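In terms of the numbering used here, the sequence shown has 168 at position 168, counting the first letter as 1, and numbering is strictly consecutive.
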Amino acid sequence: MKRTGESQQYQGQQHPQQHQQPNAAANKRSDWALARSKSRNLSEKKRRDQFNMLINELCSMVSTSARKMDKSTVLRSTIAFLRSHNDVSSQSQAQEGQENWKPSFLSNEEFTHLMLESLEGFLLVLSLNGQILYTSESVASLLGHLPVGVLDLLSDACFLSSVLCLTVEVAAW
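Right, dumping it as structure tokens:
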């Protein structure tokens with residue numbers, strides 16, 4: 001008889017086991033969402049703490065005054081520092097490139113002579129009015145004349161070609 005009484009007692013109400021199952025699933029979802037939210041909050045806090053630590057480190061590197069700088073000022077100062085450092089490094093690399101164009105054990109004259117020999121060419125320096133100012137010694141092997149003789153032979157031809165080209169400017173280094 002108890003069974004009949006129990007069924008009468010729960011008429012109109014849900015059975016206690018049926019009522020707990022949806023709540024248990026909702027509680028599990030709620031617990032999971034809460035744990036996920038806490039995990040996300042901890043991750044965000046860790047990220048913010050790391051960002052602040054890096055900003056403070058940058059501040060100590062670029063700060064010129066004892067007063068505390070805000071984050072945007074630290075970042076602006078860092079950008080300015082990096083730009084100036086990049087400019088200085090570019091200039092020093094350009095200077096190194098200019099200084100390393102020849103081996104240090106050779107004089108400029110020796111280096112020029114070796115370069116002209118290796119290129120199998122000659123150097124001819126003209127003035128703006130077409131006169132030959134300088135010819136290299138390698139002209140003898142290529143043209144069959146000594147540099148002094150070339151001056152006489154080529155001066156008229158060079159002047160005419162410079163007049164035909166309107167302006168020929170040869171820069172000597």
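Positions of the beta carbon are idealized from the N, C-alpha and C atoms, including for glycine.
The model shown is predicted, which means the values in this text are computed figures rather than measured ones.
Of the listed residues the options, nearest to residue i (C-alpha basis)
i	options	result
Val139	Asn129, Leu124, Gly130	Leu124
Ser175	Gly130, Leu128, Leu119	Since the first and last residues shown for the chain are 1 and 173, residue 175 lies out of range.
Lys71	Met53, Glu109, Leu126, Lys46	Met53
Phe81	Thr64, Phe51, Ser92, Gln93	Thr64
Residue i classed as buried or exposed, judged by whether at least 16 other C-beta atoms fall within 10 angstroms
i	result
Ser90	exposed
Ser136	buried
Ile132	buried
Val163	Caution applies to Val163, whose pLDDT of 43 falls short of 50 and renders its modelled position unreliable; the value that the coordinates give is listed next. The residue in question, Val163, is exposed, as its Cβ has fewer than 16 Cβ neighbours within 10 Å.
Leu126	buried
Glu169	Annotation note: pLDDT 44 at Glu169 (below 50); position unreliable, coordinate value reported separately. Exposed, by the Cβ-count rule.
Per-residue DSSP class, three states only, for residue i
i	result
Thr112	helix
Leu106	coil
Ala35	helix
Leu166	In this predicted model, Leu166 has a pLDDT of only 39, less than 50, meaning its place in the structure is not dependable enough to derive any value.
Thr135	strand
Arg67	coil
Leu124	strand
Asn23	helix
Asn52	helix
Asn129	coil
Ser30	helix
Ser60	helix
Whole-Å CB distance - residue i paired with residue j, under 8 Å assumed
i	j	result
Thr78	Val88	Contact flag wrong, Cβ pair sits at about 16 Å.
Leu116	Phe122	7 Å
Should the segment 33 to 41 be called in touch with the segment 58 to 66, which here means at least 3 C-beta pairs below 8 Å? no
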